[in-house]
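This report refers to the structure that appears directly beneath it.
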Amino acid sequence: MMPNFTGTRVVITWANFGLGMETARVQVDPGCQVVLGARREGRLREICDELIETATFLTTDVTFVTQVFALVDKCKTTFGGWLRS
0 MMPNFTGTRV VITWANFGLG METARVQVDP GCQVVLGARR EGRLREICDE
50 LIETATFLTT DVTFVTQVFA LVDKCKTTFG GWLRS
């Protein structure tokens with residue numbers, strides 16, 4: 000039996016290609032709330048548009064800690080918190 004991930008909040012970095020992009024697609028299917036982060040805004044926007052309304056994005060360079068914290072804040076403000084209650 001598969002666990003129920005509906006409503007789980009997922010933050011994915013390097014989400015604009017490859018494994019990150021496919022992980023985003025897989026996580027949205029069971030109803031996860033997904034925040035995508037990567038450096039290329041245009042590509043992030045395209046991926047978000049392909050996904051359903053439970054996905055959002057923030058342009059993020061993970062080499063800058065302030066941008067990583069901003070990605071966490073995006074999850075909190077968009078989905079009402081960091082962890083699923």
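With numbering that gives the first Met the number 0, letter number 32 in the sequence shown gets 31, and the count goes up by one each step, no holes. Note that beta-carbon positions come from the ideal geometry of N, C-alpha and C, so glycine has one too. If you're wondering where the values come from, they're calculated on a predicted model, not measured in any experiment.
Residue i (DSSP reduced to helix, strand or coil)
i, result
"F56", "strand"
"R24", "helix"
"G79", "coil"
Exposed unless 16 or more other CB atoms sit within 10 angstroms - verdict on residue i
i, result
"N3", "exposed"
"R39", "exposed"
"T59", "buried"
Neighbourhood of residue i by C-beta, 6 Å cutoff - its chain only, sequence neighbours within 5 removed
i, result
"T12", "G36, V61"
Proximal residues to residue i (C-beta, below 8 Å), its chain only, five neighbours per side dropped
i, result
"G17", "none"
Whole-angstrom C-beta distance between residue j and residue i, which should lie under 8 Å
i, j, result
"N15", "L57", "Not a contact, Cβ separation roughly 12 Å."
Sequence-distant residues of the same chain with beta carbon closer than 7 Å to residue i, five excluded per side
i, result
"K75", "W81"
"T22", "I11"
Q.
Does the contact criterion of 3 or more C-beta pairs under 8 Å hold for the region 40-53 versus the region 66-74?
A. no
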